[in-house]
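Protein chains in written order, with this note's numbering: chain A, 26 to 393; chain B, 2 to 333.
Glycine is no exception: its CB is placed at the ideal position from the N, C-alpha and C atoms.
Bear in mind that the values here come from a model prediction, so they are computed numbers and not experimental data.
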Amino acid sequence: MSETLVSVQDMKVHFPIKRGVFFDRTVGYVYAVDGVDLEIKRGETYGLVGESGCGKSTLGRAMLRLNEPTDGKMVFDGQDFSTLQGEELRKMRRRIQMVFQDPLSSLDPRQSVESILVEGLRAHGLDEGKESTAKRLRELLAAVGLPASALRKYPHEFSGGQRQRIGIARALALNPDLIVADEPVSALDVSVQAQVVNLLEELQEKFGLTYLVIAHDLAVVKHISDRVGVMYLGGLVEEATSEDLYDEPLHPYTRALLSAIPVPDPQVEDRRERILLAGDLPSPANPPSGCRFHTRCPWRQETKCDTERPALRELKPGHKVACHWAEQIRSGEIQPHEVKPVLVEEGDGLSPDVPLVGPASVTEALNP
Amino acid sequence: MALLEVRDLSVVFQRKGEAPFHAVDGVSFDVEPGQTVGLVGESGCGKSVTSLAIMGLLPKRGAKVTGSVTYDGTDLLKLSDKQMRDKRGSELGMVFQDPLSSLNPVVPIGLQVTEVLERHRGMPRKEAMIEAKDLLDKVGIPDPNRRLKEYPHQLSGGMRQRALIAIALACRPKLLIADEPTTALDVTIQAQILSLMKELVQDLGTALVMITHDLGVVAGLCDEVNVLYGGKVVEKAMRHKLFAEPRHPYTHGLLASIPRLDAPRGEKLTPIKGSVADNIPWTSACAFAPRCPNALDVCRAETPAEVDKLGRLLRCHNPVVPGTPAAEEVPV
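Structure follows, in structure tokens:
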């Protein structure tokens, strides 16, 4: 369990913002991921949470090199993944697979399930003849709980939950070590979410998989993860085991995030103390100086917060936090105060990464 | 008499040459001033169509609305288009899910707010602008003077939703219908918007119909909760009662399938098997029967009747006995 499978060191992804008609002048950068270190141990589930625009998806994609990182490296099973090129990179990719958020748009509508599953096998030379492939496909479908008759069907013939199962089967097909799941359940209905969450857990037990689960829903992440990292504006602000994080959140942002999540129990809801954050997430193209969170932090202090960027440090075993005043906040020496919301500029090369949950229109409600 | 009385509301969509589709099938509920009523359910349960039917926003052709929606003594379904236009915006407010697509992208926010004030309260533009500024201020938009001149794309998601709420509140409606107002927002922003709506209900005595799929939101906000499935209300109770003792297998299953933040680690989720696509029509069966762990033979042969007992409305042949754990089901 303690062997490190993935180690990300000082990962940075900066997207250039270009302006101008004839010359693509770079006028600035979106600091989507700005210096993240993390380690994932073999066999564990690492959960990455944060709000839209915090860089969690970009980090996941950069680890797979679906976006080239600007700086930093990722060591996968002892090998530097970030410098691999060509054929070596392609071969290594077999061991890291991805499950995407929207199961319909991540499956080719013109490919049958069989062809979707076989494609990867063929690309990596695992298609060793009709019989063994057919057996493998049956195993895969059984593992994700789909009938064998699904092979000849097309993605549109399935429900959302079943499509996500196909996406998971496709990731499993190549016997990967690591599966990066980007919002695997957020597009699904509540009653179906639990099916997929349970399936992911079962598969992990069965195949000894390692997961990196990226999600905005802290309740889901807490449920499936061993360790959780909380991201805010391109950086990790806190990292702990999921129990620790819930029992004693140390970073002001994590506290606010936890208090904002509704619990389906009126008794808990009536008693809870809410920490309401003022304003919006600042633009990653123009992040605040010092601690990224200081513009919205109710515990902000006069010194250090707006000038010095706090590093992630271990406050107690296995619990890291990036806050200058974590000890004082923990002991209650510093009390929260009111924060005035700061204007946030929108529309600077930022794509709103809004998760789609539930029905959006009458048309959708009519065609369940 | 309640402010809004919805009685036996049904919406049938009929396309030429196709079987009619019952999107909403006999939904009834009341809303009192200062009260929040929740409509909860998954995609396709008819919750959004219910809200559109109340507001008279469904197309005249193709959608057949029956039943009655009595607002302050008048049946909204019997009003002409013009009469309805006068009601909408002034007495009935609506907040939609996606703020970007419900705001006009080429009109500044200020004009979109003043439009309502000019149309319904006959205010001159200048006065309306001042009122609009106050409104934006009230819903918590910083620097409202500047924001009035800006366009929707220049605002963040949370700010857009606030602007939309400001427009809905411009004429101090007595009834506000919010259709998934926080679904497109981040949790910290969701918390801001929900606390804003709570304040409005308390301060202005607005009646609020909250439509959502999120049981957590309902638990914190609503007084009375209607759980919808396949176009029918399957369970209705005050929130404390409903969450403490869910009796309908669907409500029970939903609660067991949501990971809770305060649950101990290692607790398994109990999903509801199948998906909404497995629904069967309510005619001569229970629509939930194919997915129900409690289903009996009678559930597939007879439509369960609505039973109103001890402050709880239930539509089930074989309700969950309080205290039993969720049935163990292997997902198929």
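Does DSSP put A/THR158 in a helix, in a strand, or in coil?
Here A/THR158 sits in helix by DSSP.
Euclidean distance between Cα positions of A/GLU156 and A/SER140
15 Å
Rounded C-alpha distance that separates A/LYS247 from B/PRO125:
53 Å
Look at A/LEU234 and A/ILE65 and say whether their C-beta atoms are less than 8 Å apart.
no
Starting from the beta carbon of B/PHE244, find every residue of chain A whose beta carbon is closer than 7 Å, and list them in chain order.
PRO289, ASP290, PRO291
From A/LYS116 to A/LEU146, what distance separates their C-alpha atoms?
Each residue's alpha carbon lies about 12 Å from the other.
Within this structure, are the beta carbons of B/ALA129 and B/GLU119 separated by less than 8 Å?
yes
Would you kindly work out how many angstroms separate the C-alpha atoms of A/SER250 and A/VAL74, rounded to a whole number?
11 Å
What residues match up with B/ARG313 in a beta bridge as DSSP calls it?
B/ALA238, B/LYS310
From B/ALA185 to B/HIS253, what distance separates their C-alpha atoms?
26 Å
Distance, Cα to Cα, B/ASP309 vs B/PRO320?
Annotation: B/ASP309 to B/PRO320 spans about 13 Å, alpha carbon to alpha carbon.
Does the CB of B/LEU262 have a neighbour CB from chain A at under 8 Å?
yes
Can you determine whether any heavy atom of the ligand ATP sits closer than 7 Å to the C-beta of B/ASP215, and answer yes or no?
Among the components of this structure there are no ligands whatsoever, and the ligand ATP is therefore not found.
What are the complete alpha helix (DSSP H) segments, minimum 4 residues, inside the segment 276-359 of chain A?
277-285, 291-296, 351-356
So which of A/HIS149, A/ASP202, A/ARG86, A/ARG161 has the shortest CA-CA distance to A/ARG67?
A/ASP202
Supposed close pair B/PRO106, B/LEU165 - CB separation, criterion 8 Å
B/PRO106 to B/LEU165, Cβ: 13 Å. No contact.
Within-8 Å CB hit, A/GLY53 to chain B:
no
Using the beta-carbon of each residue, which ones in chain A are nearer than 7 Å to B/GLU43?
Going along chain A in sequence order, the residues near B/GLU43 (Cβ under 7 Å) are ASP214, VAL215, SER216.
For B/ASP73, does the three-state DSSP call read helix, strand or coil?
Judged by DSSP in its simplified three-state form, B/ASP73 adopts coil rather than helix or strand.
Cα-Cα separation between B/LEU104 and A/ASP207, rounded to whole angstroms
Going by the C-alpha atoms only, they are around 30 Å apart.
Check the C-beta distance from A/VAL124 over to A/GLY192 and give it rounded, since I have them as a contact under 8 Å.
5 Å
Examine chain A for any beta-carbon lying closer than 8 Å to the beta-carbon of B/LEU191, and answer yes or no.
First, the residue type needs correcting, since residue 191 of chain B is Gln and not Leu in the sequence shown. Answer yes: the Cβ-Cβ gap between B/GLN191 and chain A drops below 8 Å somewhere.
State whether the segment 195-212 of chain B contacts the segment 267-284 of chain A, with contact taken as three or more CB pairs (one from each stretch) at a distance under 8 Å.
no
Roughly how many angstroms lie between the CA atoms of A/GLY254 and B/TYR251, to the nearest whole one?
34 Å
Counting contacts by CB-CB distance shorter than 8 Å, is B/THR67 in contact with chain A?
Chain A contact via Cβ: absent.
Listed in chain order, which residues of the segment 167-182 of chain A have Cβ atoms closer than 7 Å to some Cβ of chain B?
GLY170
Quick check on A/GLY103 - is its C-beta less than 8 Å from some C-beta in chain B?
no
Within the continuous alpha helix (DSSP H) that includes A/PHE232, where are the two ends?
215-232
Could you give the first and the last residue of the continuous beta strand (DSSP E) run that contains B/GLY27?
Note, B/GLY27: beta strand (DSSP E), 22-32.
Kindly confirm or deny that the segment 344-362 of chain A and the segment 263-277 of chain A touch, where touching means at least three C-beta pairs closer than 8 Å.
yes
CB-CB under 8 Å to A/LEU375, same chain, minus the five flanking residues each way: which ones, in chain order?
For A/LEU375, the predicted structure reports a pLDDT of 39, less than 50, and the residue's modelled location is therefore unreliable. A value from the coordinates is still provided. Hits under 8 Å: VAL55, GLY78, SER308, PRO309, ALA310.
In chain B, which residues lie with their C-beta within 9 Å of the C-beta of A/LEU301?
Correct list: THR189, ALA192, GLN193, SER196.
Residue range of the beta strand (DSSP E) that A/LYS37 falls in?
Where A/LYS37 is concerned, the enclosing beta strand (DSSP E) stretches over 29-44.
Alpha carbon to alpha carbon, what distance is there between B/ILE110 and B/ARG148?
Those two C-alpha atoms are separated by around 7 Å.
Using only the alpha-carbon positions, how far apart do A/GLY150 and B/ALA306 sit?
59 Å
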